[in-house]
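Numbering (our numbering), first residue to last: 8 to 168.
Here the structure comes first, spelled out in structure tokens, and everything after it is commentary.
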């Protein structure tokens with residue numbers, strides 16, 4: 008990739024990450040951990056969601072899982088070929104595994120998650136050569152904004168106790 012393509016790719020990734028940030032902000036206002044995700048294909052959003060774990064009392068209602076489900080429904084297939092998953096926080100093992108199983112070719116995240124990130128921090132499910140599919144991963148897109156949203160949420164939560 009030459010420098011022009013890289014700048015274009017970063018601009019596009021930043022644009023879609025801002026969409027994921029909107030979902031994260033909405034989740035935070037609902038009292039959920041502010042993580043947002045969007046699945047993009049052919050220049051349009053196929054699925055978008057924020058965490059809904061508290062509202063649903065469903066431990067699998069992570070933003071990524073919900074957005075992947077919407078995208079699969081929109082496309083009418085479980086194989087999300089030619090898509091990119093954008094998420095504000097590095098996916099956990101469950102969500103990284105779901106992206107691999109959905110055949111998502113590219114995954115972009117904002118803030119790293121040193122405690123449970125499964126796309127390079129704690130482990131790297133997305134790129135594990137033992138699996139039959141791997142995602143190209145790009146981390147750190149709008150990292151400061153994504154991390155700040157989480158930091159503010161948890162500071163407010165602690166202050167309320």
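Glycine included, every Cβ here is placed at the ideal spot set by N, Cα and C.
Simplified DSSP state of residue i, which is helix, strand or coil
i	result
residue 42	coil
residue 95	strand
residue 77	helix
residue 107	helix
residue 53	strand
residue 33	helix
residue 165	helix
residue 154	helix
residue 118	strand
residue 113	strand
residue 137	coil
residue 100	helix
Residues sharing a beta bridge with residue i, DSSP
i	result
residue 88	None; residue 88 has no bridge partner.
residue 126	131
residue 47	52 and 91
residue 145	115
Rounded Cβ spacing between residue i and residue j (contact assumed at less than 8 Å)
i	j	result
residue 107	residue 51	So it is not a contact: roughly 23 Å between Cβ atoms.
residue 39	residue 62	7 Å
residue 77	residue 56	7 Å
residue 103	residue 132	4 Å
residue 71	residue 92	6 Å
residue 95	residue 31	5 Å
residue 43	residue 75	Actually they are not in contact, since the Cβ atoms of residue 43 and residue 75 sit about 13 Å apart, beyond 8 Å.
residue 116	residue 35	Actually they do not touch by this definition, with Cβ atoms about 17 Å apart.
residue 146	residue 119	6 Å
Legend entry - Stretch pair the region 152-168 + the region 123-142: three plus CB contacts closer than 8 Å: no
Inset, instruction - May I ask you to verify whether the region 17-25 touches the region 132-139, counting CB pairs closer than 8 Å and requiring at least 3? - result: no
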